[in-house]
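What follows is one structure encoded as structure tokens, with my remarks underneath.
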Amino acid sequence: MKVVKFGGSSLASAEQLKKVLDIIKSDEERRFVIVSAPGKRHSDDIKVTDALIRYYRAYTSDQDVTERQNWIIQRYKTIVDELNLDYSILEKISESITKLATLPIEGNPFLYDTFLAAGEDNNAKLIAAFFRKNGLSARYLHPREAGIIVSSEPGNARILPSSYDKLEELRNEDDILVIPGFFGVTANNQICTFSRGGSDITGSILAAGVKADLYENFTDVDGIFAAHPGVVRKPDSITELTYREMRELAYAGFTVLHDEALIPAYRGKIPLVIKNTNNPQHPGTKIVLKRRSNGLPVVGIAGDDDFVSINLSKYLMNREVGFGRKVMQILEELNIRWEHIPTGIDDMSIVLRERELTPIKEEEIVSQLTRKLEVDHVDIERDLSIIMLVGENMKSHIGVTATATKALSDSNINLEMISQGSSEVSVMFVIKTENEKKAVRALYRAFFPREDS
Ligand code: ASP
């Protein structure tokens, strides 16, 4: 039994939906189909989810919403027309989109999520109708009926562990179930979405819930490459990766799969495969608990920008009990998430994503560190990138870091920080963003020597 998820680009047009139908028809084990909202048809198109954001903004700022509504309805209408579907489905979609602009604005923390979720919800209805018209016994299922119950965290929902028992019952269904991705319902019956790109998470939850043999995640690439193809020319494609390796790569900019999507499948021990809707014969990239070694220490190199570092120093910091906790407390009270904390004897750097800081929060951090913790020095460094060298096999290879630092120094790249977790699945370098691409290329040449990069 397989759970299959299709991303927005696989569902953007009638032509794409026909490929999806063929994929489902070609394997009767494909019983659960999780769908995104229609994505972009071409590079300057708008994703339905983004169009829903504009619609939400117009509605909540009291502007005329007609144009916004029509654009979205028209988007579905084009697909309905091209697939020759019955107009009753379009009426349902149109009603659901229009109704959004009657929901209460005040005291409704789930309004934004309800708007956004409409993209996948209506697409699932459309796709179920399309499957039925083409002879499949398929049915749309709302996450509420499926049992995807989530925490009350708008835009950042988490699955409640109690959901899994109900999900398991879906195994007994005879129909192919078409379930919208990206959102669940709270215990109080409110629509609540995962973070952006979260349909991958729904697929993973379903796969774990129904104890699938495989979770197939269909996208528009043949799988995962050892480095970004926009940075390194013709990088190797990866046939097998472990969950931990994928998690590290996804964290640092490999956006083929949402990083939170790995956890449910991993815990449920469900293998996952990334495949291409436009080239379904290609085996894709498989993500597994344990993989065979291909002899190389590094499996992939990722780079991500928009990081900042709060650098602080205080003489004899190492002797001060509770110093670290106090620093963390300042961040916690300002609701700031941090990513890495490399330390020296008398200094500490807190690396975080730029979006976590506002000018007010920044001022507050500097002032509290100076006043309360009496640090000798604090500065905020911007325009930083992280580079992640990832591979489970690194722990059995000596000299990986030496090779990496030599490659970077040969390319004249200064290392701001370096850190390696005890699991040795990755080594992270912090460098200036202006050097990011150069660094990835240099490391690729060093670790994948036979390839022409
Ligand atoms: N449609 C949502 C987004 O654009 C979720 C997804 O596609 O996975 O973020």
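Numbering (our numbering), first residue to last: 401 to 853.
In this text, a Cβ means the ideal position worked out from N, Cα and C, and glycines have one as well.
Within the same chain, and ignoring the five residues on either side of GLY519 in sequence, the residues whose Cβ sits closer than 7 Å to its Cβ are ALA437, VAL448, THR449 and LEU452. A straight-line Cα-Cα distance of about 23 Å links HIS658 and LEU541.
With distances taken between CA atoms, LYS440 lies nearest to ALA412 out of ALA412, TYR456, VAL656 and ARG667. Excluding residues up to 5 positions away in sequence, ALA414 lie with their Cβ nearer than 6 Å to the Cβ of GLU482 in the same chain. By the Cβ criterion, the stretch 428-436 is in contact with the stretch 596-613, since at least three pairs of Cβ atoms, one from each stretch, lie closer than 8 Å. The beta carbon of ARG558 sits closer than 7 Å to those of VAL550 and SER551, all from its chain and outside the five residues before and after it, given in chain order. Here ASN835 is buried. Its C-beta has 16 or more other C-beta atoms within 10 Å. The shortest CA-to-CA distance from LEU614 to any of ASP427, VAL827 and GLY407 is the one to ASP427. Within the stretch 765-817, complete alpha helix (DSSP H) segments of at least 4 residues are found at 800-810, given in chain order.
Under the three-state reduction of DSSP output, ASN556 falls in the coil class, being neither helix nor strand. Residue pairing of ASN617 in beta bridges, as defined by DSSP: LYS405 and ILE674.
When secondary structure is reduced to three states using DSSP, GLY703 falls in the strand class. If you keep only unbroken alpha helix (DSSP H) runs of at least 4 residues inside the stretch 421-486, you get 448-460 and 466-482. Judged by DSSP in its simplified three-state form, ILE760 adopts helix.
Per DSSP, the continuous alpha helix (DSSP H) segment holding PRO543 begins and ends at 543-546. In the three-state scheme derived from DSSP, where H, G and I count as helix and E and B as strand, ARG539 is classed as strand. When the Cα atoms are used, HIS442 and GLN416 turn out to be separated by approximately 13 Å. Non-local beta-carbon contacts of LYS837 in its own chain, meaning distances under 8 Å to residues more than five positions away in sequence, involve VAL631 and GLY703 in chain order. At least one heavy atom of ligand 1 lies less than 8 Å from the C-beta of LEU516. In the displayed model, ARG571 falls within a helix according to three-state DSSP. A distance criterion of 8 Å places the beta-carbon of GLU520 in contact range of ligand 1, judged by its closest non-hydrogen atom. Residue burial is scored here from C-beta neighbours: ALA846 has at least 16 other C-beta atoms within 10 angstroms and is therefore classed as buried. Taking a contact as a CB-CB distance under 8 Å, the pair GLY598 and GLY581 counts as one, their CB atoms being some 7 Å apart.
Taking all protein chains shown into account, GLU645 has 16 or more neighbouring C-beta atoms within 10 Å of its C-beta and is therefore buried. The bridge partners DSSP lists for HIS740 are VAL751. Residue state for VAL631 is assigned as coil, using DSSP reduced to three classes.
Taking the Cβ of ASP600 as the reference point, at least one heavy atom of ligand 1 falls within a distance shorter than 8 Å. The residues ASN534, in chain order, have a CB closer than 6 Å to that of LEU421 in the same chain once the five nearest residues on each side in sequence are set aside. A Cβ-Cβ distance of about 50 Å is found for the pair VAL778 and ASN678, leaving them out of contact under the 8 Å criterion. The beta-bridge partner set that DSSP reports for ILE624 consists of ILE638.
Separation of GLN463 and ALA517 (C-alpha to C-alpha, rounded to the nearest whole angstrom) is 21 Å. Burial is judged here by how many other beta carbons sit within 10 angstroms of a residue's own beta carbon; PRO543 has at least 16 and is buried. Here VAL698 is actually not in contact with GLY584; their C-beta atoms are around 37 Å apart, not less than 8 Å. Put simply, of ASN793, HIS740 and THR758 the residue whose alpha carbon is nearest the alpha carbon of MET828 is HIS740.
Within the chosen limit of 8 Å, ligand 1 reaches the beta carbon of ARG596 through at least one heavy atom. Nearest in C-alpha terms to ASN522, of all of LEU769, SER822, ASP565 and LYS499, is LYS499.
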